[in-house]
């Protein structure tokens, strides 16, 4: 069963460009981690909504192994200052029950 993690990050609007730039030049290369399936970084359409970083993993164990890895530590060192955020972030973890996709023509 696929494991999905949604990290909701309330970025202050004046820090949005730097937050985005950090993901563009991220050092960890999460896509090379065992059990990694996909990642999406979603920019909010309204200033009061959080950014969402959505990752999909083959299992919860694969996600936990990445969190304990040197790549994770490298990717999360030197964080943005506290004033870059409009509150606390939230990490949500889910198992995929049902998936539906449009078939290619």
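In this note's numbering, the protein residues as written are 12 to 116. Virtual Cβ for every residue (Gly too), placed ideally from N, Cα, C. All values derive from a computational prediction rather than experimental measurement.
Query: Residues near residue 65 by beta carbon distance below 6 Å, same chain, minus five either side; Result: 17, 51
Query: Local conformation of residue 20 per DSSP, three classes; Result: strand
Query: For residue 70, the nearest candidate out of 47, 89, 84, 53 (CA to CA); Result: 47
Query: Residue of 111, 92, 41 minimising C-alpha distance to residue 80; Result: 41
Query: C-alpha gap between residue 67 and residue 20, whole angstroms; Result: 17 Å
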